[in-house]
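A quick write-up on the structure given underneath.
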Amino acid sequence: MVRATGLVKKFGDFIAVDGISFAVQRGETFGMLGPNGAGKTSTLRMMSGLSPVTSGQLEIDGIDATANPRSIRDVIGVVSQHDGLDPDISVRDNLTIYGFYFGLDRKMAARRADEVLGFFDLRSRGGDSVDDLSGGMRRRLTIARAFVSRPRLVVLDEPTTGLDPSSRNRVWEQLAVLKNSGVTIVMSTHYMEEASILCDRLVIMDEGRILGSGTPEELIRERAGADVAQVRPEAGQRDSVHRQLKETDYEVAEIGAIFTVRASNDRRADLTKISGARVSFRPPNLEDVFLSLTGRGLRDE
Amino acid sequence: MNESLAERRTTGKVDFRMRGVVGVWLRHYTAFKGGWMVEMTGIILEPLFILAAVAFGIGKLVGDVEIRDGGVGYAVFVAPGIVVGNAMWHALFECSWGAYRRLQTNRIYDSILAAPVSMRELALGEITWGATRALMTTAAVLAFATVTGLVESPWAIGILGIGLLTGFMFGGFGLIAAAVAPSTHMLTLVFTMVGTPLFFFSGTFFPISTLPSWVQPIAWALPLTHPVRIARALSTGDLHMGLLWSLLYLIVAALVFYPIATRLLRRRLLV
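In order, the protein sequences belong to chains Y and E.
Numbered per my numbering, the first sequence spans residues 208 to 508.
Numbered per my numbering, the second sequence spans residues 7 to 277.
Right, here's the structure in full:
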């Protein structure tokens, strides 16, 4: 469905996307996980035909995206980070007008608007102004809008950033249903939980490059190894605990107020000798994968 | 997917779809319908206040004004200028202030362009809507001027066309301003530095011949001068071939502003 080869995006001298290659299969949900500035948005904007490709190849549904940005937009639905909803027209008109842009006649556009409003639990808000919707509803409307044209591919840029946990869960549930209906989804996120719940496959990005790719399970198995120790220093013991940990040959990272410690082999780190801290173990996750690839946390700025 | 779209994709002809333009226009029309009561006050009432003040107030104090074939009452002289001047204001406002709001504040352009609408179609949709608003105010104020006896010739019906063309010209100009404006702050300069001087110095309220002789060529170069000149001739029935130059000016300006606006918007948004 999507094939990128040596894709590059430059803004002046700044290289936002540095020659990445990836392929997305039909019907797959494909994720790009990485911190802000990793090049995710630039990649998605190029895929949406909204940003010219600096160099490299990009093919979407058999169409050369570098030569036919508009033909791309005929077949994909886009959910950008800024909702771009229209406050001057009603919720429902946001959808019908959008359908019209895609070539639906007005009757068909109205029917599709009602269908997606129903699916995204917004039917009762159809006549309201966009400004009266909650953040979660706005996001759902933005996603609904991308589905009005029955796209073959939907591109979502951080679909749940800024939402509270319950709104986020709701968006996830709805995306999961759509995913099962067979549409191809490409999404960016900096929530590892989102990536592991929704994505069949994903790439981990940082500074415009792809550092690793695979299914979430593969990535975790290959890059994160055994359970990860979380070391929580007691009050006033941070420096002492840090010193003790540095004396081991384990990989140590500090995230917030706790240390994450991993052995380089496939065994748990042995921390029985550490004093002044509580030690617990948890299964590894994508955050650990990112950490082992970059030495930084996903949300470090 | 709609069949005609798929078809057009394979023919590889010029990539311009009327649907994009109509879609953008339809969006504006839908928004307008939603708040038409408020919008109408701006379209009708404001110019009516000016026109009434001139016709029943100032016009009584000022004598006749000399035009090509003799003198006309001041109110008769001013009415077509106010009609066309308002057409300018409406197109300018819609395509600069309104467009900037859609572009920057609400980021609606981003979503329109994520649909299969090209920048060229989006820009033409914006300008066409600006021209539509210009036409609405032209019709409203012209009707008022007619019933109050400020229109002397049936040719005046042609002012509708001039109002529309004025809308296309200033719609394009407004969109250029919106595309380059770094902030709403700067955008207000369009009104104070462009709109206001044009409204007063384009032969709207007094003949250009009353200006100092060195200023007159400048006044003749101003874009509003030409639609005002044509509208006045249509209103008084004083038609002559020289007006064709003004018509040409109007059409050429509209045709030049539009592609410039498209290009500047592209530079701003498609990065």
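Beta carbons: idealized from backbone N, C-alpha and C, even for Gly.
(message) Residues in the same chain with beta-carbon distance under 7 Å from E/L270, minus the five sequence neighbours each way, listed in chain order, please.
(response) I182, A185, V186
(message) Let me see if you follow: with CB-CB separation under 7 Å, is Y/R345 close to chain E or not?
(response) no
(request) Could you tell me if Y/A464 is buried or exposed, where buried requires 16 or more neighbouring beta carbons within 10 angstroms of its beta carbon? (result) Per the 10 Å Cβ criterion, exposed.
(message) I need the straight-line Cα distance from E/A37 to Y/F307, nearest angstrom please.
(response) Each residue's alpha carbon lies about 15 Å from the other.
(request) Write down the C-beta distance between Y/M344 and Y/L363 rounded to the nearest angstrom, noting that I regard them as a contact closer than 8 Å. (result) Actually they do not touch by this definition, with Cβ atoms about 17 Å apart.
(message) Measuring alpha carbon to alpha carbon, tell me which residue in E/S219, E/F22, E/M94 is nearest E/W135.
(response) E/M94
(request) Work out the CA separation of E/T47 and Y/L418 for me, nearest whole Å. (result) 60 Å
(message) Just to confirm my understanding: we take E/A146, look at its own chain, exclude 5 residues before and 5 after, and list those with CB closer than 7 Å. What are they?
(response) I49, I50
(request) Spell out the partners DSSP gives Y/I462 in its beta bridges. (result) Y/I465
(message) Under 8 Å, with one C-beta from each stretch per pair, do the stretch 169 to 180 of chain E and the stretch 228 to 239 of chain E reach the 3-pair mark?
(response) yes
(message) What does the Cβ neighbour count give for E/T16, buried or exposed, with the cut at 16 atoms within 10 Å?
(response) Low confidence applies to E/T16: its pLDDT is 46, below 50, so where it sits in the model is not reliable, and the reading given next is rough at best. Label assigned to E/T16: exposed.
(message) Quick check: what's the CA-CA separation for E/S117 versus Y/Q288?
(response) Rounded to the nearest whole angstrom, the C-alpha separation of E/S117 and Y/Q288 is 11 Å.
(request) Starting from the N-terminal side, write out each stretch of the beta strand (DSSP E) that is 3 residues or longer and does not extend beyond the stretch 11 to 64 of chain E. (result) none
(message) With a threshold of 7 Å between beta carbons, is Y/S285 in contact with chain E?
(response) In the sequence on display, residue 285 of chain Y carries Val and not Ser. Answer yes: the Cβ-Cβ gap between Y/V285 and chain E drops below 7 Å somewhere.
(message) Suppose contacts are defined by Cβ-Cβ distances below 7 Å. Is Y/V231 in contact with E/A120 by that definition?
(response) no
(message) Quick check: the Cα distance between Y/M399 and Y/S331, rounded to an integer number of angstroms?
(response) Taking the straight line joining both Cα atoms gives about 33 Å.
(request) Please name the residues in the stretch 288 to 299 of chain Y whose beta-carbon is closer than 9 Å to at least one beta-carbon of chain E, in chain order. (result) H289, D290, G291, L292, D293, P294, D295, I296, S297
(request) Note down, in chain order, all residues in the stretch 214 to 247 of chain E with a beta-carbon under 9 Å from any beta-carbon belonging to chain Y. (result) none
(request) Answer yes or no: do Y/M412 and Y/G238 have a C-beta to C-beta separation smaller than 7 Å? (result) Their beta carbons are not under 7 Å apart, which means Y/M412 does not touch Y/G238 by this criterion.
(request) Taking a Cβ distance cut-off of 9 Å, strictly less, list which residues of the stretch 265 to 282 of chain Y are near chain E, in chain order. (result) I270, N275, P276, R277, S278, I279, R280, D281, V282
(request) Check whether the Cβ atoms of Y/R485 and Y/R439 lie closer than 7 Å to each other. (result) Contact flag set, yes.
(request) Evaluate the contact criterion for the stretch 287 to 301 of chain Y versus the stretch 343 to 359 of chain Y: three or more CB pairs, one atom per stretch, below 8 Å. (result) yes
(request) Could you please tell me which residues of the stretch 31 to 44 of chain E, in chain order, have their CB closer than 7 Å to any CB of chain Y? (result) L32, R33, T36, A37, G40
(message) What residue range does the beta strand (DSSP E) around Y/R485 cover?
(response) Secondary structure note for Y/R485: its beta strand (DSSP E) is the uninterrupted segment 484 to 489.
(request) Only counting runs of 3 or more residues, tell me where the beta strand (DSSP E) segments fall wholly within the stretch 264 to 345 of chain Y, in order along the chain. (result) Within the stretch 264 to 345 of chain Y, the complete beta strand (DSSP E) runs of at least 3 residues are 283 to 286.
(request) Alpha carbon to alpha carbon, how far is Y/T236 from Y/C406? Give it in angstroms, no decimals. (result) 5 Å
(message) Could you check whether the Cβ of E/A120 sits closer than 7 Å to any Cβ belonging to chain Y?
(response) yes
(message) Can you pull out the residues from the stretch 303 to 329 of chain Y whose beta carbon lies closer than 8 Å to at least one beta carbon of chain E?
(response) I304, Y305, F307, Y308, F309, G310, L311
(message) When you compare the CB of E/I114 with every CB in chain Y, is at least one pair closer than 7 Å?
(response) yes
(request) Using the Cα positions of Y/R416 and E/P203, report the straight-line distance between them to the nearest angstrom. (result) 54 Å
(request) Could you list the residues in the stretch 243 to 264 of chain Y with a C-beta less than 7 Å from some C-beta on chain E, going in chain order? (result) Result list: S255, L257, S258, P259.
(request) Helix, strand or coil for E/L2, going by three-state DSSP, please let me know. (result) Only positions 7 to 277 of chain E appear in the structure, and residue 2 of chain E is not among them; the question remains open.
(request) Kindly list the residues whose CB is nearer than 7 Å to the CB of Y/D268, restricted to its own chain and excluding five residues on each side of it in sequence; keep chain order. (result) M208, V282, R359, L360
(message) Using beta carbons (cut-off 7 Å, strictly below), is E/V123 in contact with chain Y?
(response) Closer than 7 Å to some Cβ of chain Y, the Cβ of E/V123 qualifies, so yes.
(request) Would you mind stating whether Y/D495 and Y/A442 have Cβ atoms separated by less than 7 Å? (result) Taking 7 Å as the cut-off, the beta carbon of Y/D495 is found no closer than this to the beta carbon of Y/A442.
(request) Determine the contact status of E/A129 and E/A260, defining contact as a CB-CB distance below 7 Å. (result) Going by C-beta atoms, E/A129 is not nearer than 7 Å to E/A260.
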